Structures are given as C-alpha cells and as structure tokens.
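Asker: Residue numbers (our numbering), protein chains in the order written: chain A, 8 to 346; chain B, 8 to 346; chain C, 8 to 346; chain D, 8 to 346.
Have a look at this one before I ask anything.
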C-alpha cells in the first residue's frame, strides 16, 4: 500500500499515520516529494486491505494499493495454466479448445437428447443445459429443477458428454453436484459469497461467470473464494459486461482474455451467446474469442429457438452450430490449438 | 409487445409471425408503415416475455416491449405510497424522513452500544449494523455472525431502535429474522433469486439494495420476487451504480428516486455512504437525496473510523453525524417532510 | 509517479528503470518491499506524464500517478472559490444561487422574448438559448445561427438578463462572443481542444459542460486548457454521464459537485434538464443539486414543449418553472444560500 | 415511431395526440391494447425525430423509435460493402485486410522514416502518424503540426505507403488534406459536428473513430454527417469504449464489428492499441478483430516505446509488430481474407 499525504499535511499528521501503520503490523517507509510525502507500508500482503481505513486520517489524500489482493488465483503463485479434467477424455486448459454447447434451459427429454446428439455430432465436448434458472422476472419459467438434472444425466449417458449446469442456491448445491460434472455459477451469483464457499467445498470443477459489473480483479477475488475453500478446479468465463451500448445484450469484453491470461493460471472461456444476446453475432464472436486466446467457449444451441422458453434470440440452430464449428477449427489452427 | 419487421420482410415472413403470435395466445394487430410493417401483440401482460423468442424468426428486425414486466410493485397497481411499520413508533413511507445509522460491521459490544446511543441521540430512528458480511475478499473480516446479531438485539433493548442487518444466505435467513426488525438484501445479492424468494416468505420488512449494474426496471423485478411470495413490506435503497468514474466508489444515482417515485408505491431511501465511499461526500449527498424526494437514508457511523474493520473511509464520526442531522432537518423542512 | 516493479524483476531491470528516471530529469527513490520493489520518482509535477512511457520497460508492473495533472484549476493553487461576474448585477461563485433558464434552441423572436420575460419573472438571473446547435443527426434542426444570436441580444436588451449560448466551432467563436455574455462549451465538445484553446483566448466567461464519458479529473484538465490560455473565468457544469441506465437520458452525477468542490476553486453548476431528459425529474434534481452544494443551475424552459424543435420532453413550461423556483428558494435557504 | 399511452390516459388525451401527429404530417394508427393504447405514426422516416416532442403531452407514457435515423450509411441503402481506394494499389472494404501502422506521434524525421520502413517491411499497407495531437493535458506534447505533415509526406515518398493522420480543427483541415491520404477523426472529436461537416466537404477518405461513450447508432449518425456533405469514403474504427473496467485503458467492443457489418455498408476496422492501452494485449486483440470480421487494423508501432512522447505503453516495437503480422496472416486465412 502507498499512502499519499496531502500537500498541506503537517509533520504531526504524518507521524500519526506512521504510528498507525506500525500499530497494524506494517513497516512504514517515507518518500519526501517536492510537494508532498508518500509513505510505503511494507509487510505481509493479504492483510493489507485493512490499511484502507487510514484514508480517514487527517492529512491523508488517498491510499493506493500496490499488491493484488488475490493469491491462490495468481500466475505468480503457479506459472503453468491449470489443466482441469472434465471427464475421462476431456480436459480444459491445454491445447484443446473445449466447446460447451446446449440449450439455455432443459425443457423436455426430447429437446435435451436431440440437442445433445446434435452438439456432439458437431464436435462439442461438453453439454450445457439449465435446470435451475435464475430469471429476472418471477413470472418467467424457473427451470425443471431436479427433473431437468435427471434429463441431463440421461443425455450424458446417451452421448458420453460431461454436463455443465447452474447452481443457484447453497441448499441445492449438493443435489446438483450429484448429477453435474461441472457446476456453473451464473453472473448474477458471481458475488454470492455463501454460494462460492459452498461450491468451494464440493469436489466438482466450477465454471465461474463474470458478473455484469465485475472488474477483472474482483472476478479473481471470487475465484479466490472457491480456491481458498480447497477446490482448485475453477474455469473463468467472460460473458459480457454491462455498458451503455444497447445494440448487444451485454458488451463481450474479449480483452479480459489476454488480461486474465497474464494474471492467473486458471483456464478462461467465453460465452458469446450471453455476451451478444443475438444469434447473428455468436459465430464471429466465438472466432474472435479463440483468436484472443480463450481455452474454450460456451454456446447456446436449441433445436427450435423460436419456441425456446428462454434466450431464444441468442440460440443457434443445430445446423448453424455445426457450420460454426467447421470454421472455428480454422481459427483454432491459426491459434496453434486443437478442436 | 411490438414486433418490428425488416424493411425487406416478405408477406410469408409476416404471416408466420402472425401465426406464431396467435399460437402463443396473443392477438396480432398489423400497422403497415411506409417502409415496413409493425405488429402489436395484444393480450395478458405478464406472460409477454415469451414473445421475445420471436426475435429469431425470419424477417423480424426486433422486439420492442411496451409493458413493464412488474405488476405488484407498480404504482398503477396501488396509487398511494406504502407505509411500512418498522417498530411501534417508526414507519417509513409517510411524512417522516427515516434515518438508519450505525457501523458497517458490528465489531464488539462496546462499539455497537456506543454507536447505537450516539445515533439515537442525534435523531436516527433505526440502527444499522452488519453481522454477516459479504466481502469481496475471502481474507477480509466476514462478520461476527450470530454473536453480532445478539449484540444488535442488545443495542435495540438499550435504545429502543429497531435494527436492520444483512441476510446473505437462505440458510441463515430465519436466524437473522429472529433478531432483526428489517432484513437487508445487499447489492451483490440483489439478483440472488433464491434469497429473494426466501425473504419473501418471512414476516419482516425487507430493505432491498439496488445492484451495481442493475437497471431501475430490474430493481423493481427483484422487488417483485419478494412481493410475489407474499411479503408486501419492501423498502428500495439506491446505493450507487458502477460507472467509469473512479473519484467516488460508486455513482449515486439520485435521479432513481424521482423515477422510482413515479413507477412504484414502495418507499425509497438512499445510502450515500456506499454511494460515495468517502465520508467527505456523505453529508451533501444525504441532503441531496432528501431534496430529491427520498423517504429515508442509510448512513454509516463509526466511533473510530480509522480502526473500523470495514468501510472506515466512508464512515462518519458520531459528532459529524450529529451535525449532519442538524442540517438535514432544514432540508427535510424545505421538502415539507419531518425528521 | 510510483513505478511498481514486478515480483520477479531482476536487479538489472530495476537499475535500467532508475537510469531512465534520472535521464528524464527525476530523482528515483526505491522502497524494497517483501515481494517487490516500488520506486518513487521525485521532481517537477507537470512533466511527469512522460514517466508513463516507463510502463513498457522490462520488469515494470505498472505506473501509479500520485499527483493530479492539473494545476491552475486546483484548489491547492487558490483556496477561495472564484467569483465570476456575469453582468453588472450578477456573479456566480458566491452566496447567490444562479439560475440560467430558457429554451434549448432559439426558434423565433416571439418564443425567445416570451421565454426571457417568463424566466426573469420567475427569478432566473441568466437567459440560456442555443443558436448554433450540435445535433446527433444531420437531419435535425441545426439552429438559427447568427440570427439566433441577434434574438438573444434583443432578449437581453428587453430583460437585462445576461445571455449564455453555445460555441461549436473555433471559426465562429468570436462571432458568438460579440453577442453572448457567457460562452457555453457543450458536452460533445468538452475535449475539442482546438475549441477550448480558442475560448481560452477570448474575454468572456466560459461555461464548460462535462463530457458524457469524462472523468472528473479529465473535466478539470479541459478547464485547465482554457485557464492556461489566460481566461480564468470558467464555470463547470455537471450535466449527466452515460451509464447503462436508460430510464433517464443520462445519469446526473451529483456527487461530482462535492468532489469538484474539494478539488477546484471554480464554480460548479448542474443541468438537470439534460441530466434526466424528462421534465418530470427536473425539479427534484434541481433541488438535489442545490442541496449537494451547486452554485447554480441550468434549466430548459419552453412556452410550448410539445412543439419545441429540440429537447421538448425535458423542457418545463413557464408555470412549472415558476413553481419550481418558489420551492427552490426553500432549499437555497436550507443550504445557507440566496436565490 | 410508436407512441405508448399511459394506462390511465383519457380519450381526450389520445385525441390530442392523434391531432398533433397529423399536424406534424404523419398518419396515426391506433392499437387498442388490454390496458392501454399504442399509436403508430406512419410517414417519411427522417423527420420523425420531431415526434419525440410528443413525450411531453398529457397521457403519453413514452415514445419508442422504430426506424433508424441514419439513411446514407445503412446497408438497406446499399447492399455491398463500400470499397474505398487509399492509393493506386491499396483499397479497403474488399478481401484484403488493411493494416495501418506507425507511431502515435511523428517525433522526428529519423523516427518516422525508420518506422515507415519497418512497418512496410512487415507488410503494413498504410502509415499512421499524428502531427496534430489532441491531448488530455495542455502540458503534454501537442504534435509537430505542419512540420510533422511534411515528414509524413517524406515517409510516403520513401515507402509508397499512403498516410493517415488526424484532423483536429476545421481551420487546419485543408492543410492536413494537402498532405494526407486519409483524414482521421479522433474519438474525442467524433461528435464535433463542425469538423465532421468540414471533412465531408473534402475529397479524401475519412477514418472516423468511435467516441468513448458513443452508441453504435450514434456512430453511424456521425458517419451520416460526413456522407450527407457528399463524401462517401468513410471508414469506421472501433477503438474501445469507456466502461467501469480499469485493467485496460478502454474496453475494445469487438461485437461492434459484426453489428456494424449488419447495419452499414461502410468498411470497419479496429484499433487494439488504443482499445487496450497495453502492448501486451495488442496482438491477441488484433487477431480477434480479424476473426470478428474487421476489414483492417490500426496499430501503434514505435522504434523506442520507452522514449515515445505519447502512448509508449501501448506501442509495439518493430520486431514485435513483424511477428504479429506473421501470425495475423494465419487468422486472415482462417477468415477467408488476404493480408
């Protein structure tokens, strides 16, 4: 932490700050500038957030954090990208681009099985599908719940594809973990710390979506919640942030991919379906995500988007998805990756 | 819903859309424009979100929602502002401006009792204090939990002030409701629908904070979750949204107050402490919130902000709070309200 | 400037940074932290932006600016708020709240004279009105140009009110200055540096609006452009920033008022008409701005908003404006100001 | 335009709206909904913005625009992408990906010639370099002005590369057009309508950057200003929007590329240097832009970024640029384009 003193701060102001820094267990170091003093506080990293309280002291202009408040998630902690096994044959974080595809919501046995077969045929390695749905409106379809989980398990049996599905409540997390291969934390729950701690205690890979107003640093702090509970298998998913632009549902922040690549050893994927909200833009943004260095993609596919109970406008039909996968292979090649 | 057809859409495109609207139970009405057709879908309001799926049909340019997707929260449903009783003597939503004050976190018996006495003496009508703390970092202080709740109850006994404290998990919601007079849903849980449903089933007023990336309409949809479970006592709290500006912790969106006033019958308060993140700005923004029409305020007060375990930089010392309350009375008068 | 080295930076990396700092004329000062070094660069403030180029050096994590890059605009430079004379009887920056009111655009002699008389009668001290209009669409009304300026002068003659109007081009700035008492720089031109320099050379007070994506610091840098050309009469105007919220046209950032109050000696006003884009919200936000500490307001008033060529939806009718002014006086009193 | 009436609007309210629509030259068409009426206004597109003024009428809830307010820029106007010639051998908008590279600012003859040779050798087809620099701070280097233009012309002579450079003022636009092959309008001037009109009257291709808070629709409206003055050669450049995220200088909105592709016939490029502000992220985001469908790129290259007078941290060294170009070719291939 760097404590910046005001230009007009007195010697006494400064001495009280130095005293307080020592009291908190850090060693102060003063730089006398031409117009003001600047104080570095040296010592153990993780507790340093407490130094923010100095901002209310007399003569203090502001506090500048130097160190990142996450540790287990950082690339300084672990140089090589973490490889996470999703099934006997599928792992993410290596050379292979992993595509997770399927409907927004599980709606019926026919729908999910048809979809699972179609995405597998096109080359997807993971099946997605929501059984518990967090919906903005209480009047919208809330998911098939446990019955949906059973249908996902059936689809896995049929196709061999591991399954990713969302967890929305600590109370039902274990139930979901009985059926799912990967537990998804949605954007709206990305700072639901009770839920993060819960999935941190389960033995399943977690796919953590970035919140709509979440900085990249906060994203890693949320991952840190899961890691610090003992679960090292966290996949980060960029799915669009909220900005002033309304031509797309969200603004897919693809630069988060190289930024995260530098900051963390965790694998990173992108979700162009939620990121754009419009099926026309899904394929180009999927290509772009792979070009930017993503380890995988999450794509919504629905056999009949016009009749989907949720997110129809951003879902690809199976035929469009298959054609996207064909082109995607070329971009994976260009990126020296496999698909 | 209005379905806007593309300029080049064919008659067949249009007919298929008309068909699909009827299939979903709505009555279509076509307006033939100079360059394109526009179709209104007439019928029951709440299910209309399903019409969004038409956006993936051929020839459809986009879907424009006309009706607001909330109902119980709307002022059309109930003209007069809802008055919510917080204790035998305190109610919010009427003429009186209600000030909820206290520390960010309950830290010790001494701290919370001292604080409760101080804020009461200055004129606050409700005591705030966090026992379960949702913190961005897993390494930050997470609250005193049940012990904190007991100390809040003690402070209420001592002062007679009703108590507001945060609920962060459906599992502990009932525990919190045993101690608290008002259940707070924090910004990060504002779309934690499992939690919203849970507090909707409890018999306690709920103070719902706006999420950092939450539109005003989504804010009312979250309130609708609580209302539709049977709990009609919801207080809305504007606490700042996330924008590009970094001079303040968040951007306190005071225009949300008159906007909400027009849209909903629920009382609305503002939290200038979280909204600005800096104690220098708390008093002017508190005055501004009352001038804009707020029914109340939530203010962080701490006897020793430099030693606060959380949010020290935005906490007022009791003396500053008392002086703020004196000036606030003048603004309440100007607004034809009481304090 | 603080240069933060990477955790793994070598001694050679550090020495090269130290060398480069000296080469640029600054004196380096190293703090050896537990995991990395941090280097302060001491010396003259204003040139320090050049130190940002060190960010591309090997071993450098990032550069943290300590000092604010504006000087003439800062309160450290000048303690008391600048009082700017707008006419023989009107000055802004003192006790009096200054209200600038009038139509978005000058549309006809009748309209501007009627409006000028009405706003004067209600207590406004300055007449606003656009003659050169910066419009998003080339197909929208672009203003009456010089003829509009003449009508504004006529309205001033009639009422004695000084006139504020927008300058949109360095080429026509002098023409506008012949007629106007205050030169307005609109939000879209807030970083049109050629225009800022030009009005910095003229002898007229300048009303500088904040850009839609402009940080408060950048706002002061734009003011600094005008000040550094020799014109010390700059009035800052908060008029809303662009955020994700669409219920209002912009998000009026009232916290900018106390923030600017601390950072600069320049007077600060608010424009709730553009800030909200909806006449229903203008009065409450005007009250809030004064409560937050604004030195003045800019309000759009139109005799017939339904027929206005621009910004009708956010314009008050003269009767509503008069009633707003009556209530505003109470808030000015509460703020210990005059109106 | 769709005029949505309030649920409680009276028949008289509605009749007055109908009257006013006719008065403005449009034909009203009423849809009677279950809870409210909705009125379509049929007639000529471009003047419809005037209908916004109806929002202040009694009984009107809000106005929903149906038609896009740009026309010349729209793909409905012209189906095939516009091909713009930049020199005898270079054109943008066809199969070839066009890379514009060079320093942020022209600093000296040696620097610009060295840079021009290097970027040409690596395969860039256009040289960029700033002579007039719009800088946030008046104390930063403002460019070499005409001398810089002469050096750019010299570099063109030496290499044969056409030159793109920024215009910041209508007064000097013609001077720049004497030297430059492409006139750049920077993000801060993207709604400087006087400048847009001026370059619309010149006979040079214009590279228009998106403003930091500019919606895609407004971006096309700014292009429309240039087109409607008679200059049909406009290249759109996505260069990052301002969001809450601070890990990158801006948020490069790559989804704008497919969105613009659908809306307009104008070629679209991306500037990952300004978009990210950090040379580490330039190459991945350049690849991503091409994968998303960009027609070209603008990249900052500097022989000695640590000594650059501006934007050093985001500039590539020539060797890194050359290596980026090698990989870029693979992505161009994958996108069925040439480089």
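For each residue, glycine too, the CB sits at the ideal point set by N, CA and C.
Computed from a predicted structure; not experimentally measured.
Can you say whether residue 343(A) is buried or exposed, counting buried as having 16 or more other CB atoms within 10 angstroms of its CB?
Answerer: What you label residue 343(A) is simply residue 336 of the first chain in a count that begins at 1. Residue 343(A) comes out exposed.
Asker: Kindly list, in the order they appear in chain F, the residues whose Cβ is closer than 8 Å to that of residue 266(C).
Answerer: Looking for chain F here will not work: the only protein chains present are A, B, C and D.
Asker: In the DSSP assignment, what are the bridge partners of residue 35(A)?
Answerer: In the first chain, residue 35(A) corresponds to position 28, counting from 1. The partner list for residue 35(A) (beta bridge, DSSP) reads 48(A).
Asker: Using DSSP's beta-bridge definition, name the partner residues of residue 261(A).
Answerer: To locate residue 261(A), count along the first chain from 1; it is residue 254. Answer is none; residue 261(A) lacks a bridge partner.
Asker: Which first and last residues belong to the beta strand (DSSP E) in which residue 307(D) is found?
Answerer: Against the fourth chain, residue 307(D) aligns to sequence position 300. Note, residue 307(D): beta strand (DSSP E), 303-307.
Asker: Considering only residues of the same chain and omitting the five flanking positions on each side of residue 347(C), which have a CB-CB separation below 7 Å?
Answerer: This structure cannot speak to residue 347(C), because chain C is shown only from 8 to 346.
Asker: What span of residues does the alpha helix (DSSP H) with residue 24(A) cover, start to end?
Answerer: Here residue 24(A) refers to the residue found at position 17 when the first chain is read from its first residue. Note, residue 24(A): alpha helix (DSSP H), 18-30.
Asker: If I follow the unbroken beta strand (DSSP E) through residue 109(C), where does it start and stop?
Answerer: As a working note, residue 109(C) is residue 102 in the third chain. Where residue 109(C) is concerned, the enclosing beta strand (DSSP E) stretches over 105-109.
Asker: Sort out for me which residues DSSP pairs residue 173(D) with in a bridge.
Answerer: To locate residue 173(D), count along the fourth chain from 1; it is residue 166. In the DSSP output, where bridge partners are listed per residue, residue 173(D) has 191(D).
Asker: Check residue 210(D) in the structure and name its three-state DSSP category.
Answerer: By one-based count along the fourth chain, residue 210(D) stands at place 203. Three-state DSSP puts residue 210(D) in coil, outside helix and strand.
Asker: Alpha carbon to alpha carbon, how far is residue 62(B) from residue 18(B)? Give it in angstroms, no decimals.
Answerer: Here residue 18(B) refers to the residue found at position 11 when the second chain is read from its first residue. Here residue 62(B) refers to the residue found at position 55 when the second chain is read from its first residue. Cα to Cα, the separation comes out at about 17 Å.
Asker: Within the present structure, is the beta-carbon of residue 152(A) separated from the nearest heavy atom of the ligand NAD by less than 6 Å?
Answerer: Among the components modelled here there is no ligand, and therefore nothing to report on the ligand NAD.
Asker: Span of the beta strand (DSSP E) holding residue 256(C)?
Answerer: Along the third chain, read from residue 1 onward, the residue named residue 256(C) stands at position 249. Where residue 256(C) is concerned, there is no enclosing beta strand (DSSP E), given that its DSSP letter is neither H nor E.
Asker: Within 10 Å of its beta-carbon, does residue 302(C) have 16 or more other beta-carbons around it, so buried, or fewer, so exposed?
Answerer: Numbered from 1 along the third chain, position 295 holds the residue referred to as residue 302(C). With 16 or more Cβ atoms within 10 Å of its Cβ, residue 302(C) is classed as buried.
Asker: Which class does residue 323(B) belong to by DSSP, given the choice of helix, strand or coil?
Answerer: To locate residue 323(B), count along the second chain from 1; it is residue 316. In this structure, residue 323(B) counts as strand in the three-state DSSP scheme.
Asker: Name, please, each residue of chain B whose Cβ falls closer than 7 Å to the Cβ of residue 176(A).
Answerer: As a working mapping, residue 176(A) is identified with position 169 in the first chain. Those within 7 Å of residue 176(A) in chain B are 177, 201.
Asker: According to a CB-to-CB cut-off of less than 8 Å, which residues of the stretch 120-153 of chain A neighbour chain C?
Answerer: If the cut-off is 8 Å between Cβ atoms, the stretch 120-153 of chain A has nothing near chain C.
Asker: By a C-beta neighbour count over all protein chains shown, 10 Å radius and 16 as the cutoff for buried, is residue 65(C) buried or exposed?
Answerer: Here residue 65(C) refers to the residue found at position 58 when the third chain is read from its first residue. So residue 65(C) ends up on the exposed side.
Asker: So the beta strand (DSSP E) residue 241(D) belongs to, where does it begin and stop?
Answerer: Counted from its first residue, the fourth chain places residue 241(D) at position 234. Note, residue 241(D): beta strand (DSSP E), 241-245.
Asker: Within this structure, are the beta carbons of residue 104(A) and residue 346(A) separated by less than 7 Å?
Answerer: Along the first chain, one-based indexing puts residue 104(A) at 97. Along the first chain, one-based indexing puts residue 346(A) at 339. Against a cut-off of 7 Å, the Cβ pair of residue 346(A) and residue 104(A) comes out as a contact.
Asker: Against residue 340(B), what residues of chain C qualify as contacts under a CB-to-CB distance less than 8 Å, listed in chain order?
Answerer: The residue labelled residue 340(B) in the question sits at position 333 within the second chain. By Cβ distance, chain C contributes 337, 341.
Asker: Does the beta carbon of residue 86(B) sit closer than 7 Å to a beta carbon anywhere in chain A?
Answerer: In the second chain, counting from the first residue as 1, residue 86(B) sits at position 79. Not an interface residue.
Asker: Using a Cβ cut-off of 9 Å, pull out every chain B residue sitting near residue 292(A), in sequence order please.
Answerer: One-based indexing of the first chain puts residue 292(A) at position 285. Under the 9 Å cutoff, chain B gives no residues; its nearest Cβ is about 17 Å from residue 292(A).
Asker: Using a Cβ-Cβ distance cut-off of 7 Å, determine whether residue 41(A) contacts chain D.
Answerer: Counted from its first residue, the first chain places residue 41(A) at position 34. Output row for residue 41(A): interface = no.
Asker: Between residue 191(A) and chain B, is the shortest Cβ-Cβ distance under 7 Å, so that the two count as touching?
Answerer: The count along the first chain starts at 1 and reaches residue 191(A) at position 184. Output row for residue 191(A): interface = no.
Asker: Looking at the structure shown, is residue 63(B) part of a helix, part of a strand, or coil, going by DSSP?
Answerer: Stepping through the second chain from its first residue, residue 63(B) is reached at position 56. Here residue 63(B) sits in helix by DSSP.
Asker: With distances taken between CB atoms, is the gap from residue 186(D) to residue 162(D) smaller than 7 Å?
Answerer: What you label residue 186(D) is simply residue 179 of the fourth chain in a count that begins at 1. What you label residue 162(D) is simply residue 155 of the fourth chain in a count that begins at 1. No, the Cβ-Cβ distance between residue 186(D) and residue 162(D) is not below 7 Å.
Asker: Would you identify the three-state DSSP class for residue 92(A), choosing helix, strand or coil?
Answerer: Taking the first chain and counting its residues from 1, the one referred to as residue 92(A) is at position 85. Three-state result, residue 92(A): strand.
Asker: Which bits of chain A does residue 248(D) rub up against, with CB to CB less than 8 Å?
Answerer: Counting from 1 along the fourth chain, the entry for residue 248(D) is found at position 241. In chain order: 250, 251, 252, 258.
Asker: Which residues in the same chain as residue 322(A) place their Cβ atom closer than 8 Å to its Cβ, once the five residues preceding and following it in sequence are excluded?
Answerer: Taking the first chain and counting its residues from 1, one reaches residue 322(A) at position 315. Only 110, 111, 280, 286, 307, 308, 309, 312, 315 meet the Cβ criterion.
Asker: Do residue 240(D) and residue 212(D) have their CB atoms nearer than 7 Å?
Answerer: Looking up residue 240(D) in the fourth chain gives position 233. Looking up residue 212(D) in the fourth chain gives position 205. Yes, the pair counts as a contact, with Cβ atoms nearer than the cut-off.
Asker: Taking DSSP as the reference, what is the three-state secondary structure of residue 68(B)?
Answerer: In the second chain, counting from the first residue as 1, residue 68(B) sits at position 61. In the structure shown, residue 68(B) adopts extended strand secondary structure according to DSSP, grouped into three states.
Asker: Name the chain C residues whose beta carbon is nearer than 8 Å to that of residue 67(A)?
Answerer: Within the first chain, the letter at position 60 stands for residue 67(A). Against chain C, the beta carbon of residue 67(A) has no neighbour under 8 Å; the closest one sits roughly 13 Å away.
Asker: With 7 Å as the threshold, decide whether the Cβ of residue 103(B) is near any Cβ in chain A.
Answerer: Numbered from its first residue, the second chain carries residue 103(B) at position 96. Closer than 7 Å: no.
Asker: Report the residues of the stretch 198-225 of chain C with a CB closer than 7 Å to any CB of chain D, ordered along the chain.
Answerer: 198, 199, 200, 201, 219, 220, 225
Asker: So the alpha helix (DSSP H) residue 296(C) belongs to, where does it begin and stop?
Answerer: Here residue 296(C) refers to the residue found at position 289 when the third chain is read from its first residue. 286-298 is the extent of the alpha helix (DSSP H) around residue 296(C).
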